[in-house]
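Visitor:
Protein chains: 2
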Amino acid sequence: MEKKVSESVINRLPRYYRYLDELIKEGVDRISSKTLSEKMGLTASQVRQDFNCFGGFGQQGYGYKVESLKESIGKILGIDRQRSAILIGAGNIGRAFALNITFEKRGFHLTGIFDNDPEKIGQTVGDIVVSDFEEVEKFIEENKPEMAIVAIPKAGVNQVVFRLKNAGIKAFLNFTHAEVEDAEDIVVENIHLGDSLMRLSYKMGEKI
Amino acid sequence: MEKKVSESVINRLPRYYRYLDELIKEGVDRISSKTLSEKMGLTASQVRQDFNCFGGFGQQGYGYKVESLKESIGKILGIDRQRSAILIGAGNIGRAFALNITFEKRGFHLTGIFDNDPEKIGQTVGDIVVSDFEEVEKFIEENKPEMAIVAIPKAGVNQVVFRLKNAGIKAFLNFTHAEVEDAEDIVVENIHLGDSLMRLSYKMGEKI
DNA sequence: TAGATTGTTAATCGATTAACAATC
DNA sequence: TAGATTGTTAATCGATTAACAATC
Chain A
0 MEKKVSESVI NRLPRYYRYL DELIKEGVDR ISSKTLSEKM GLTASQVRQD
50 FNCFGGFGQQ GYGYKVESLK ESIGKILGID RQRSAILIGA GNIGRAFALN
100 ITFEKRGFHL TGIFDNDPEK IGQTVGDIVV SDFEEVEKFI EENKPEMAIV
150 AIPKAGVNQV VFRLKNAGIK AFLNFTHAEV EDAEDIVVEN IHLGDSLMRL
200 SYKMGEKI
Chain B
0 MEKKVSESVI NRLPRYYRYL DELIKEGVDR ISSKTLSEKM GLTASQVRQD
50 FNCFGGFGQQ GYGYKVESLK ESIGKILGID RQRSAILIGA GNIGRAFALN
100 ITFEKRGFHL TGIFDNDPEK IGQTVGDIVV SDFEEVEKFI EENKPEMAIV
150 AIPKAGVNQV VFRLKNAGIK AFLNFTHAEV EDAEDIVVEN IHLGDSLMRL
200 SYKMGEKI
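If you read the sequences in order, they're chains A and B. Quick note, the first sequence lines up with residues 0 to 207 if you use numbering that gives the first Met the number 0. Quick note, the second sequence lines up with residues 0 to 207 if you use numbering that gives the first Met the number 0.
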C-alpha cells in the first residue's frame with residue numbers, strides 16, 4: 000500500500016468484490032487472472048496490475064485463492080469491520096435505501112434517521128424511528144456515526160453537510176441532484192440518479 | 000459528431016448539463032471555459048476539448064452562451080425529446096425511483112410498472128397501477144416504451160432483461176446488485192448502490 | 001483596433017496492454 | 001522437473017494539459 004492508487008482501480012474494486020462473492024457461492028476456490036478477466040470484461044494484465052497496487056495476493060503457477068482474495072479486497076475497501084451510518088431524509092429515496100442496505104448488509108449499520116418534516120418525525124423505517132433533524136448534533140455526539148447518507152431535496156444539501164461536518168461526520172453519500180461543495184477534510188460519494196438516466200439516454204442515441 | 004467520443008467525456012456531460020441549468024437559474028447568460036472549469040473542478044482546456052468533441056458551441060473572444068450550450072448538450076444527451084420508460088419491480092427502490100423522476104422530470108416519462116408479486120399488483124405508485132409482469136410483452140407491443148428500469152432482486156435480472164429485450168426494449172437502467180450479461184444489441188447503465196457505499200468506505204480509510 | 005477567448009495542434013502524463021523473468 | 005501463472009518491467013495507447021494561432 001505504498002504509492003497512490005488511481006481512481007480507476009478504486010472504481011473497479013467493488014466489482015471484483017462482487018464477482019469473487021459470486022465465485023464463492025458457485026464453489027470456486029481458485030481462479031487465474033485470465034479467467035477472472037474474461038468473466039469481467041477486462042484483460043488479465045489489468046487484473047494483475049490492479050491487485051498489485053496492494054501487493055500481490057496470488058501464487059505463481061497457481062492463481063488466486065478466491066476466498067482469501069475476497070477477504071483482502073474487503074479489507075482494502077474497509078468493509079471487514081462494521082461501519083455506522085445515519086440517514087438524513089426519510090423521503091422515498093432515503094427509505095428505500097435504508098430498507099435496502101439493512102436487507103443486503105455488507106458491513107454497514109444504520110443507527111439513526113433524521114428529517115425536518117413533522118409528518119415524518121416519529122414514523123418508523125425498518126426498525127428505526129425517524130428523529131427531528133434538530134437533534135442530529137446531539138445524536139452524533141452520543142453515537143459517533145461514521146458516515147451520513149444524504150437523501151434530501153437538493154436545496155438544503157450544503158447546509159446539512161456543513162452542520163454534520165461540524166458535528167464530526169467526515170463521509171457522505173450524496174443522493175441529491177446537487178454537488179456537495181468541496182471541503183478538504185471530508186469525503187463524498189455521489190449517486191446522481193438523473194445523471195445515470197442521461198447517460199443511458201446518450202448511449203441509446205449512439206448505439207441503437 | 001464524427002469520431003468516437005470517449006467514456007470520460009460522456010460521463011461528464013450530465014454534470015455540464017446540471018451546472019448550466021444552475022447558471023440559467025442564477026441568471027448567467029454567458030460563460031467562459033475558464034470560469035466554468037473553475038466551478039466544476041476541471042481545466043479550461045478540458046472543457047473546450049469536451050465541447051469540441053461535438054463541434055464547437057462557443058464564440059472566440061466571447062465564450063459560450065449558457066442557454067444555447069445547455070440546449071446543445073441536452074440534444075447530445077438525447078433528452079430534448081420525451082423518452083418513455085417502464086419500471087420492473089415495485090419494491091422500495093423501484094417506487095422511490097418512480098416517484099422521484101416523475102417529480103424531477105427531465106424528458107423522461109414512465110408509462111408502466113410491473114411486478115410479479117400478487118401483493119403489489121393492483122397497487123398504485125404515483126398515478127400508475129402496478130401490472131402483472133406476465134403482461135409486460137403485451138404492454139410493450141402496444142405502447143413501445145424505449146427503456147426499462149430494472150429494480151428487482153438480483154437473481155432474476157438476466158431472465159427479465161432477456162424477455163424485455165425479445166419484446167423490443169433496448170435500453171436498461173439496472174438497479175440490481177448483479178451485472179447484466181453483455182448482449183450486443185442493448186445498452187445498460189448500472190446503478191450499484193452497494194458499490195458506491197464500498198467506494199465511500201474505501202475513501203474514508205484513505206483520506207481520514 | 002485591442003483584448004479576450006475560442007478551436008485546435010502539440011506535449012505531457014497516466015492508464016492499459018504486452019512481454020517475460022521469477023517461481024510455485 | 002515441466003507447466004502454469006504470477007509479479008513486474010517496458011511499450012503502447014488514450015486522455016489531459018499546455019500552447020498558440022484564429023477570430024469574434
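Even glycine gets a Cβ: it sits at the ideal position worked out from N, Cα and C.
With DSSP as the reference, identify every bridge partner of Val149 of chain B, one or two as the case may be.
Guide: Paired residues: B:Ile87, B:Asn173.
Visitor: Identify whether Ser195 of chain B lies in helix, strand or coil by the three-state DSSP scheme.
Guide: Reduced to three states, the DSSP call for Ser195 of chain B is helix.
Visitor: Relative to the C-alpha of Gly88 of chain B, which residue among B:Asp116, B:Glu66, B:Ile75, B:Leu199 is closest?
Guide: Of the candidates B:Asp116, B:Glu66, B:Ile75, B:Leu199, the one whose C-alpha sits nearest the C-alpha of Gly88 of chain B is B:Asp116.
Visitor: Is Ala154 of chain B buried or exposed, if buried means 16 or more other CB atoms sit within 10 Å of its CB?
Guide: It is exposed - the Cβ of Ala154 of chain B has fewer than 16 other Cβ atoms within 10 Å.
Visitor: The beta strand (DSSP E) that contains Glu188 of chain B, what's its start and end?
Guide: From DSSP, the beta strand (DSSP E) with Glu188 of chain B extends over 186-189.
Visitor: Rounding to the nearest angstrom, what Cα-Cα distance links Ile23 of chain A and Ile23 of chain B in this structure?
Guide: Spanning the two alpha carbons is a distance of roughly 51 Å.
Visitor: For Ser130 of chain B, which three-state DSSP category applies?
Guide: Three-state DSSP puts Ser130 of chain B in a strand.
Visitor: Is the CB of Tyr15 of chain B under 8 Å away from at least one CB in chain A?
Guide: Chain A contact via Cβ: absent.
Visitor: Examine the Cβ distances between the region 105-116 of chain B and the region 125-133 of chain B and report whether three or more of them are shorter than 8 Å.
Guide: A contact exists between the region 105-116 of chain B and the region 125-133 of chain B.
Visitor: Taking Cβ positions, are Ile85 of chain B and Ala147 of chain B nearer each other than 8 Å?
Guide: A contact, by the Cβ cut-off of 8 Å.
Visitor: Between the region 184-192 of chain A and the region 190-205 of chain B, are three or more C-beta pairs nearer than 8 Å?
Guide: Yes, they touch.
Visitor: Please name the residues in the region 176-196 of chain A whose beta-carbon is closer than 9 Å to at least one beta-carbon of chain B, in chain order.
Guide: The residues in question are His176, Ala177, Glu178, Asp181, Asp184, Ile185, Val186, Val187, Glu188, Asn189, Ile190, His191, Leu192, Gly193, Asp194, Ser195, Leu196.
Visitor: Quick check on Ser5 of chain B - is its C-beta less than 8 Å from some C-beta in chain A?
Guide: Cβ-Cβ to chain A under 8 Å: no for Ser5 of chain B.
Visitor: Looking at C-beta atoms only, is the number of pairs between the region 21-37 of chain A and the region 47-64 of chain A that lie closer than 8 Å three or more?
Guide: Contact holds: three or more Cβ-Cβ distances are below 8 Å.
Visitor: Using 8 Å as the threshold, is the C-beta distance between Leu68 of chain B and Leu19 of chain B below it?
Guide: It is a contact, given that the beta carbons lie within the stated cut-off.
Visitor: Output the distance between the C-alpha atoms of Thr175 of chain A and Val8 of chain B, rounded to the nearest integer angstrom.
Guide: One C-alpha to the other measures close to 22 Å.
Visitor: Since Tyr63 of chain B sits in a beta bridge, which residues does DSSP pair it with?
Guide: Partner(s): B:Ile30.
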